[in-house]
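Visitor: The following block contains the structure, expressed as structure tokens.
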Amino acid sequence: MQPLKRPWRDYSGRVSPLKTAVFVALFMPGAWVAYKFATDQLGARPLQEALLEIGQWTLRLVFLALAITPLSRVLVWPRLNLVRRMIGVAAFAYVCTHLTLYTASEAFNLGTVAGEILKRVYLSIGFVALLGLTALAATSTDAMVRRLSPRRWQALHRFVYLIAVLGAWHFFLQTKLDEWEPFVMIGLLAWLLGWRVLAWSFGRRPVPLWSVALLSLAAGPFTALAEALYFNLKMHVPIERVLMADLSLETGLRPAWVVFGIVAAVTVAAFGRAALRRPRLKPA
Ligand code: HEM
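Numbering-wise, the sequence shown is residues 122 to 405 according to my numbering.
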């Protein structure tokens, strides 16, 4: 008899500690927001705050799903792929909650919701991203994976990059004061896209670690430059002033440093893993 397909089991039907841990972890942010909502800890506009927090988690999960393939390859950890689908489906569940909260904030007036989505560009962009996530979730069941050819399935699921770009754009357009997290997202997205370009250019060969290290070195300055350009175009702040502030850390830990810290940690782990895997020469 086929073992029951539970999210915490691997393909052989055994309980997987990795899948179990990720499965439990995926509920945590939602449960935390629900708890704060129930105990009046979300400020004067709890529905709006819950909507924002769930929106942020949706985007973080999309990014995490996107990072699984690069991480599994760079860290030579194929079992990581076992949790990709689970994270993608969780992102879909979170975006549905995000939309439901938005509908609730509009007193469940579906006409108003549809009108706003058509009228406001940032909502139209979010809506397209939502459609994309729906398509990916719908084609993630075992039956759909079997029905679509591997090539078509893969081509469809590459749209997750577009979804991440649209989600980050939706985030960016509506954010009023604090651009900190959107810029972290942009820097990480640049690294993930850069890794895809490397993987594509090296074809079937593994992406060499020196090229991953160069990509990681470029991610921080790229983020700083994107931020400087943004403030220059939006508020006419001289580019060099933003870059100097980034370097001096006088305005706190800037996105460029966070991006650099994350990708540098991944790169160091990859080198460590490679060193451990290198076969030791036996003494003659
Ligand atoms: C029909 C689809 C969607 C609708 C109607 C919608 C609606 C909204 C609304 C009303 C806000 C708050 C804006 C404000 O406070 O002024 C928001 C923020 C946000 N949404 Fe969406 N959204 C949609 C899809 C998405 C998707 C697909 C993602 C992620 C992939 C996403 C991620 C976010 C994020 C990160 C924020 C900002 C949170 C913050 O500023 O702290 N949304 N969305």
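Note that CB positions come from ideal geometry on N, CA and C, so glycine has one too.
(1) According to DSSP, which residues form a beta bridge with residue 130?
(2) Taking only the alpha-carbon atoms, compute the straight-line gap between residue 216 and residue 399 and give it to the nearest angstrom.
(3) Can you check the segment 292-339 for any alpha helix (DSSP H) of at least 4 residues that lies completely inside it and give the ranges in chain order?
(4) Between which residues of its own chain and residue 223 is the CB-CB distance below 6 Å, once the five residues before and five after are set aside?
(5) Could you spell out the range, first to last residue, of the alpha helix (DSSP H) harbouring residue 271?
(6) Could you tell me whether any non-hydrogen atom of the ligand HEM is closer than 8 Å to the CB of residue 248?
(7) So, does the CB of residue 152 fall closer than 9 Å to a CB anywhere in chain B?
(8) Could you give the C-beta distance for residue 192 and residue 140, rounded to a whole number, given that I count them as a contact under 8 Å?
(9) Taking the alpha carbon of residue 308 as the reference point, which residue from 155, 133, 380, 201 has its own alpha carbon closest?
(10) Apart from the five residues on each side of it in sequence, which residues of its chain come closer than 8 Å, Cβ to Cβ, to residue 213?
(11) Are the CB atoms of residue 345 and residue 375 within a distance shorter than 9 Å?
(12) Could you tell me whether the segment 285-298 touches the segment 177-197, where touching means 3 or more Cβ pairs closer than 8 Å?
(13) Is there at least one non-hydrogen atom of the ligand HEM closer than 8 Å to the beta-carbon of residue 226?
(14) Can you grab the Cα-Cα spacing for the pair residue 178 / residue 148, in whole Å?
(15) Could you pull out every residue in the same chain whose Cβ sits closer than 7 Å to the Cβ of residue 382, ignoring the five residues on either side in sequence?
(16) Between residue 244 and the rest of its own chain, which residues show a CB-CB distance below 6 Å, the 5 nearest in sequence each way excluded?
(17) Quick test of your reading: residue 266 and residue 207, contact by CB under 8 Å. State the CB separation rounded to the nearest angstrom.
(18) What is the C-beta distance between residue 289 and residue 303, in whole angstroms, given that I count them as a contact (C-beta under 8 Å)?
(19) Tell me whether residue 223, by its Cβ, gets closer than 8 Å to a heavy atom of the ligand HEM.
(20) Are there any heavy atoms of the ligand HEM lying less than 8 Å away from the beta-carbon of residue 244, as far as the coordinates show?
(21) Could you check if residue 373 is buried or exposed, using at least 16 other CB atoms within 10 Å of its CB as the buried criterion?
(22) Residue 388 and residue 333 - do their beta-carbons sit closer together than 9 Å?
Guide: So, from the data block:
(1) 136
(2) 43 Å
(3) 301-322
(4) 172
(5) 271-278 is the span of the alpha helix (DSSP H), which, as asked, contains residue 271.
(6) Because some heavy atom of the ligand HEM lies under 8 Å away, the Cβ of residue 248 counts as near it: yes.
(7) The question asks about chain B, but that chain is absent: this structure has only one protein chain.
(8) Not confirmed; about 16 Å, so no contact.
(9) 380
(10) Within its own chain, the residues whose Cβ lies closer than 8 Å to the Cβ of residue 213, once the five positions on either side in sequence are excluded, are 254, 255, 257, 258, listed in chain order.
(11) yes
(12) Segments in contact, yes.
(13) yes
(14) When only Cα atoms are considered, residue 178 and residue 148 end up about 11 Å apart.
(15) none
(16) 237, 238
(17) Their Cβ separation, rounded to whole angstroms, is 14 Å, which puts residue 266 and residue 207 out of contact at 8 Å.
(18) 6 Å
(19) Within the cutoff, so yes.
(20) yes
(21) exposed
(22) Yes; because the gap between Cβ atoms is below 9 Å, this pair is in contact.
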